[in-house]
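Undergrad: In my numbering, the protein residues as written are 14 to 351. First the structure, which I've put down as structure tokens, then a few questions once you've had a look.
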């Protein structure tokens, strides 16, 4: 069914490359910003902070009069501390922006799949939108940016905490070698945070689909996601298994085949050239392309699953394709008629 969705909407396979281009820009911006923050002159940074403090001195004095705020004991932080705060702010902003772009992409693709699922047989409605992907993107930008921002912020905060935990792990490596319990506790906490991030991403992915399908807020979409898991645990597990299988086939088998083909082709063309370098390049490039395509198929499969379950609950399965209805055990009116 995923191929049936993408066939009339080939732009779905191209749209993620726009996301990749935006992500590259974000990564370059993050690296340049990190270099600027790391190479800031300490005296200039402290002077800028002092000037900013002087500008807000009057406002602070007024606030202290109204709210009984005291500045006793306050001191200007060192330049190294300011750099850490700036770096943390810069990192959190990058994580938030990156997850926001990914969330917008997921919701956009999900919206176009929802449109196909419910209007593919309606000749009057389906041609009305020549580009369902761009129409879905407009709907996300117009109505759902707040949900995308909130969901991506939650993921960014969890990732930020994991980075801080990794930093603490590196700094306490010597202590962990001397204390086995401390080392074990650190590993357990890191494992729990990894699992927590995976769960948050899993739930958020379905929540973005519900945002595109129903126009719900992010919290309402998360509630609908949990109800989906509770009502259809077997179907959800089967859907996750199919996704894992497709991901392995696409992201492992295809890049290896491309790398091997490039290796033997390079040997035949010119035996004096080492075929390892072009083979590695082909492997990386094939993996990127395969991962993009697998991401599109994963979102498509998830969205079809959510639409089918909603169609079963609300419309008695009238819009669900016959083959999918049999697989998901949907005995709706449309399936019975066929």
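Even for Gly, the Cβ is constructed at its ideal location relative to N, Cα and C.
#1: I need the DSSP call for residue 157, collapsed to helix, strand or coil.
#2: Pick out whichever of 175, 191 and 319 has its Cα sitting closest to the Cα of residue 208.
#3: Alpha helix (DSSP H) containing residue 315: first to last residue?
#4: Using only CA atoms, which one of 270, 173 and 24 lies nearest to residue 121?
#5: Please state if the CB of residue 285 and the CB of residue 225 are separated by a distance shorter than 9 Å.
#6: Out of curiosity, what's the CA-to-CA distance linking residue 153 and residue 40?
#7: On the DSSP letters alone, give me the boundaries of the alpha helix (DSSP H) that residue 281 sits inside.
#8: Are the stretch 258-275 and the stretch 233-249 touching, with three or more C-beta to C-beta distances below 8 Å?
#9: With distances taken between CB atoms, is the gap from residue 234 to residue 160 smaller than 9 Å?
#10: Closer than 6 Å by C-beta to residue 128: which residues in its own chain qualify, once you throw out the five before and the five after it? Chain order, please.
#11: For residue 244, report the span of its alpha helix (DSSP H) as first-last.
#12: Look up residue 285 in the DSSP assignment and say whether it is helix, strand or coil.
#13: Using 8 Å for Cβ pairs, my map puts residue 333 next to residue 123. What's the rounded Cβ distance?
#14: From residue 22 to residue 32, what does the alpha carbon distance come to, in whole angstroms?
#15: Give me, in chain order, the residues of the same chain whose beta-carbon lies closer than 7 Å to that of residue 312; leave out the 5 immediate sequence neighbours on both sides.
#16: Using the C-alpha atoms, what's the distance from residue 173 back to residue 184?
#17: Rounded to the nearest angstrom, how far is the Cβ of residue 169 from that of residue 115, given a contact under 8 Å?
#18: Considering only C-alpha positions, which residue in the set 310, 272, 277 and 289 is nearest to residue 299?
#19: Quick check on DSSP: helix, strand or coil for residue 53?
#20: Chain D beta carbons: is any one of them nearer than 9 Å to that of residue 107?
#21: Cutting at 6 Å between CB atoms, please list the residues of its own chain near residue 28, excluding the five before and the five after it.
#22: Let me know the secondary structure DSSP gives residue 112 once reduced to three states.
#23: Whole angstroms is fine: what's the gap from residue 206's alpha carbon to residue 196's?
#24: If you check the beta carbons only, do residue 165 and residue 113 fall under 9 Å apart?
#25: Beta-carbon within less than 8 Å of residue 262's beta-carbon, same chain only, minus the 5 sequence neighbours each way: which residues are those?
TA: Concretely, from the data shown:
#1: Residue 157 falls in the coil class under three-state DSSP.
#2: From the listed residues 175, 191 and 319, the smallest Cα separation to residue 208 is found for 175.
#3: Boundaries of the alpha helix (DSSP H) around residue 315: 289-328.
#4: Of the candidates 270, 173 and 24, the residue whose Cα lies closest to the Cα of residue 121 is 24.
#5: At a Cβ-Cβ threshold of 9 Å, residue 225 and residue 285 do not count as neighbours.
#6: Put simply, the backbone Cα of residue 153 is about 24 Å away from that of residue 40.
#7: Note, residue 281: alpha helix (DSSP H), 267-282.
#8: Taking 8 Å as the limit for Cβ pairs, the verdict is that the stretch 233-249 does not touch the stretch 258-275.
#9: Going by C-beta atoms, residue 234 is nearer than 9 Å to residue 160.
#10: The beta carbon of residue 128 is closer than 6 Å to those of 145 in its chain, skipping five residues each way along the sequence.
#11: Per DSSP, the unbroken alpha helix (DSSP H) holding residue 244 starts and ends at 231-244.
#12: DSSP places residue 285 in coil when its eight states are reduced to three.
#13: Rounded to the nearest angstrom, the Cβ distance from residue 333 to residue 123 is 17 Å, too far for a contact under 8 Å.
#14: Between residue 22 and residue 32, the C-alpha separation is close to 17 Å.
#15: Result list for residue 312: 119, 122 and 123, in chain order.
#16: Distance from the CA atom of residue 184 to the CA atom of residue 173, rounded to whole angstroms, is 17 Å.
#17: The beta-carbon distance between residue 169 and residue 115, rounded to whole angstroms, is 11 Å. This is too long to meet the 8 Å contact definition.
#18: Of 310, 272, 277 and 289, the residue nearest in Cα terms is 272.
#19: Coil.
#20: Absent from the structure: chain D. Only one protein chain is present.
#21: The answer, listed in chain order, is 146.
#22: Annotated three-state conformation of residue 112 is helix, per DSSP.
#23: Approximately 15 Å between the Cα atoms of the pair.
#24: Yes. Within cutoff.
#25: Within the same chain, and ignoring the five residues on either side of residue 262 in sequence, no residue has its Cβ closer than 8 Å to its Cβ.
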